[in-house]
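Report on the structure given below.
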Amino acid sequence: MAVQMNSSSDNAAVTMEQLCKWYGSFQVLHNVDLSVAVGERIVVCGPSGSGKSTLVRCINQLETHEKGRLIVNGVELYKGMRGLAELRRDVGMVFQQFNLFPHLTVLDNCTLALVRARKLPRDQAEEIAMENLKKVRIPEQAHKFPTQLSGGQQQRVAIARALCMKPKLMLFDEPTSALDPEMIKEVLDVMTELARDGMTMICVTHEMGFAREVADRIIFMDSGRIIEQAAPSKFFKNPEHPRAQQFLGQMLH
Amino acid sequence: MNFNFSFAIEIVPRVLEGIGNTVMIAIISFIGAAALGLFWELLRRSHATIRPVIQFVIDAIRSTPALVQIYFLFFVLPYYGLTLPALLVGSFGLSFYYSGYMSEVFKAGIDAVPAGQSEAAQSLGLSWADMIRFVILPQMLRNVAAPLGAYSISILKSTPLLAVISVPELLGSALDVASDTYRYAEPMFDVGVLFLAMSLVAVAGITQLERRLGLTAPSH
């Protein structure tokens, strides 16, 4: 019994049980059950307003759930809990709008949390930052300010900034939706590479090519519910739910 | 009795005796008001439970006349065994009064920093204090530079209020001249001109400072 519990918590990066959330009287999440294994790549898709972003934002508690259980990296999360900052250091987040710190250079964006939260000495933090900037292929921009970069470059910096913390899990909330078409690929390439390195990833995205290539599992949401989840091969060929069929029909045309 | 221009010039050295104190009070009060105002705002923001209390304090500070607050402090503190120099009490009074306004400036300045900034800071696992210090405040500073500049001039122009508690500042020394010579127009004229000059200098300085702040990072 004990062994079983250990192995299940070792394997699960995220576990949701009957998760519910309301915005006022509007229910955004309806009894969501979801388990994400360590190393698994999940793509969450669905029409706008279906609760995809909220689902992902619950995982690092930018949104709090009102009912049900949520366990991330082996720790149950709840509203008003202590030690949340520490837990968030293991969960990387990439936003649609990049959210880089505009008053800091690219390098300082990457080192801030290493120095302040991880308490690393400056030179060590810079070394880690440069490593990750190389990984996203923009080490030469380290001393520029975010606004001097293109959208695609900014998003890659945001990915590097999150990676600097050596997260166990990466969340992507529509990372390419604010990008010009020609910049989407450079960001997706970095994400694909990350997936190949074995990172546990949960991505809200409408990039179906990326989903097909990278995802282990596609989660389809509608009106705050997960109404279908399947491997991409199955999901794209014959989705079961009519809502998913309709969505895919619109996406692929 | 006509306005005598040469007399107005003749008494300038005597009126000027108070200018050092005026400048000092303005600077102390500005720093005090900004520090206390930021304190109110951070307190209001950090603890949801005491938020209404802080809001009431801020509203109370802003809803009573500065002159009344200064009188009150000056006469009430000694009852509690705290006898401070009038200049200090006055500076504290102005700091206190303007802190109410400053807290609103800081509130607007922080609100104007996009929500994504604090979300990113939180996602990285920064503590609340680090988030405020390294992410929010530096960005707020540029939002509040202009209103803070305006309040610094307001504070400068409020320093004559301290004449009522006998602080030897510009208005005080002008009143001394007036009571010695029975002429009021010229000393008041001098005070007005001196304030005009100080305000113009302050505005130029603030514009310069803002320009420099704007250069520390590229604007959006």
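Chains as they are written, first to last, in UniProt numbering: chain B, 1 to 253; chain P, 1 to 220.
Just so it is clear, CB atoms sit at the ideal spot from N, CA and C, and this is done for glycine as well.
{"Check": "Which of helix, strand or coil DSSP assigns to K185(B)", "Outcome": "helix"}
{"Check": "Buried versus exposed, by CB contacts within 10 Å (16 or more), G205(P)", "Outcome": "exposed"}
{"Check": "8 Å Cβ cutoff met for G198(B) and G39(B)", "Outcome": "yes"}
{"Check": "Under 8 Å between C-beta atoms of V94(B) and A162(B)", "Outcome": "yes"}
{"Check": "Any C-beta of chain P under 8 Å from that of P102(B)", "Outcome": "yes"}
{"Check": "Proximity test, Cβ basis, 8 Å: H220(P) and chain B", "Outcome": "Here the model assigns H220(P) a pLDDT of 43, short of 50, so the residue's position is not dependable and the matter cannot be decided."}
{"Check": "Within chain P, the residues that R89(B) reaches when beta carbons sit closer than 8 Å", "Outcome": "L124, G125"}
{"Check": "At least three beta-carbon pairs within less than 8 Å, the region 72-81 of chain B to the region 107-126 of chain B", "Outcome": "no"}
{"Check": "Simplified DSSP state of I61(P), which is helix, strand or coil", "Outcome": "helix"}
{"Check": "Segment contact flag, the region 206-219 of chain B with the region 42-49 of chain B, C-beta cutoff 8 Å, min 3 pairs", "Outcome": "yes"}
{"Check": "As assigned by DSSP and simplified to three states, the class of R51(P)", "Outcome": "helix"}
{"Check": "Alpha carbon of D189(B) to alpha carbon of V136(B), nearest angstrom", "Outcome": "9 Å"}
{"Check": "M140(P), enclosing alpha helix (DSSP H) - first and last residue", "Outcome": "137-158"}
{"Check": "Three-state secondary structure (DSSP) of S8(B)", "Outcome": "At S8(B) the pLDDT is 48, less than 50, meaning the model places this residue with poor confidence; the figure from the coordinates comes in the next sentence. Residue state, collapsed to three classes: helix."}
{"Check": "Through-space distance from R88(B) to V214(B), alpha-carbon basis", "Outcome": "25 Å"}
{"Check": "DSSP three-state assignment for N31(B), whether helix, strand or coil", "Outcome": "strand"}
{"Check": "Spatial distance of Y97(P) from L73(P) (CA atoms)", "Outcome": "11 Å"}
{"Check": "Near-chain B residues of the region 100-134 of chain P - C-beta to any C-beta below 7 Å", "Outcome": "G116, Q117, E119, A120, Q122, S123, L124, G125, L126, S127, D130, F134"}
{"Check": "Selected residue, minimal CA-CA separation from A33(P), among R211(P), A48(P), S154(P)", "Outcome": "S154(P)"}
{"Check": "Distance cut-off 7 Å: K79(B) Cβ against heavy atoms of the ligand ATP", "Outcome": "Ligands are entirely absent from the displayed structure, and the ligand ATP is therefore not among its contents."}
{"Check": "Interface residues of the region 134-154 of chain P facing chain B [CB-CB below 7 Å]", "Outcome": "F134, V135, P138, Q139"}
{"Check": "Interface residues of chain P facing R116(B) [CB-CB closer than 8 Å]", "Outcome": "L126, S127, D130, F134"}
{"Check": "Chain-order list of residues whose beta-carbon lies under 7 Å from that of T15(B) (same chain, five-residue window excluded)", "Outcome": "S35, I71"}
{"Check": "Contact set between the region 44-66 of chain B and chain P, restricted to residues whose Cβ is under 7 Å from the partner", "Outcome": "N60, L62"}
{"Check": "Where G125(P) falls: helix, strand or coil (DSSP)", "Outcome": "coil"}
{"Check": "Listed by chain order, chain P residues near S97(B) by CB distance under 9 Å", "Outcome": "Per the sequence shown, residue 97(B) should be read as Gln rather than Ser. Result: P114, G116."}
{"Check": "Within-8 Å CB hit, E86(B) to chain P", "Outcome": "yes"}
{"Check": "Within 8 Å, strictly: CB atoms of P187(P) and A178(P)", "Outcome": "yes"}
{"Check": "Delimiting residues of the beta strand (DSSP E) encompassing Q229(B)", "Outcome": "225-230"}
{"Check": "Closer than 7 Å at the beta carbon, the chain P residues around A113(B)", "Outcome": "L124, G125, L126"}
{"Check": "Within 8 Å, strictly: CB atoms of L126(P) and R57(B)", "Outcome": "no"}
{"Check": "8 Å Cβ cutoff met for N31(B) and C20(B)", "Outcome": "yes"}
{"Check": "G20(P) and S99(P) closer than 8 Å at C-beta", "Outcome": "no"}
{"Check": "For S95(P) and S29(P), believed in contact at Cβ under 8 Å, the rounded distance", "Outcome": "5 Å"}
{"Check": "CB of T192(B) within 8 Å of CB of F210(B), strictly", "Outcome": "yes"}
{"Check": "Touch test, the region 112-121 of chain P against the region 132-140 of chain P, Cβ-Cβ under 8 Å, three pairs minimum", "Outcome": "yes"}
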